[in-house]
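Each step along the sequence shown adds one to the number in the working numbering, with nothing skipped, and position 52 is 57.
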Amino acid sequence: MKQYNITPGEAGMQTKLLEGIAPRIDDHLIMVTVEALAKIQWHGAGKDRVIGLRNESGQIYRHFIASGMGEFLHLTSALEDLNLQEQLLDTLGMREGCDAIFS
Numbered sequence: 006m007k008q009y010n011i012t013p014g015e016a017g018m019q020t021k022l023l024e025g026i027a028p029r030i031d032d033h034l035i036m037v038t039v040e041a042l043a044k045i046q047w048h049g050a051g052k053d054r055v056i057g058l059r060n061e062s063g064q065i066y067r068h069f070i071a072s073g074m075g076e077f078l079h080l081t082s083a084l085e086d087l088n089l090q091e092q093l094l095d096t097l098g099m100r101e102g103c104d105a106i107f108s
């Protein structure tokens, strides 16, 4: 589970693939969108928030780690723009180690 900064050499948004779990067929398209978003500087600090992505089998295969609420909200909005559905809208607290899960 190697975690890395999406924009090399910079702090901020990070991601990691979970070992042994196949990614979504469209993972590369998701990453293109997220990489573009990660280049924007979101000023402000805050708690790291974890966003999980599910593959077609329903398993979480990728984590994004957003640094602060601004980055978290922009990332969740970008995933929604890709027609991914948020699964934890009606729940409080983390589930499966994530603050938000998209599929």
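Beta carbons are placed, not taken as given, at the ideal position from N, Cα and C, and that holds for glycine.
Keep in mind that this is a model prediction, so the values were computed, not measured.
- Task: Would you mind sorting L58 into buried or exposed? The rule is 16 or more other CB atoms within 10 Å of its CB.
- Result: One-based indexing of the sequence shown puts residue 58 at position 53. Classification for L58: buried.
- Message: Restricting to Cα atoms, I'd like to know which of A71, D31 and Q64 is closest to K44.
- Response: Counted from its first residue, the sequence shown places residue 44 at position 39. The shortest Cα separation from K44 among A71, D31 and Q64 belongs to A71.
- Under 8 Å between the Cβ atoms of D104 and V55? Residue 104 sits at position 99 when you count from the first residue of the sequence shown. Residue 55 sits at position 50 when you count from the first residue of the sequence shown. Yes.
- Query: Per DSSP, I35 forms a beta bridge with which residues?
  - Reply: Numbered from its first residue, the sequence shown carries residue 35 at position 30. Its beta-bridge partners do not exist; DSSP assigns none.
- Message: Once the 5 residues before and after L22 are set aside, which same chain residues still bring their CB inside 7 Å of it?
- Response: Sequence index remark: in the sequence shown, residue 22 carries index 17 (1-based). So the qualifying residues of the chain are P28, Y66 and R67.
- Residues that DSSP places opposite E91 in a beta bridge: The residue labelled residue 91 in the question sits at position 86 within the sequence shown. DSSP lists F107 as partners of E91.
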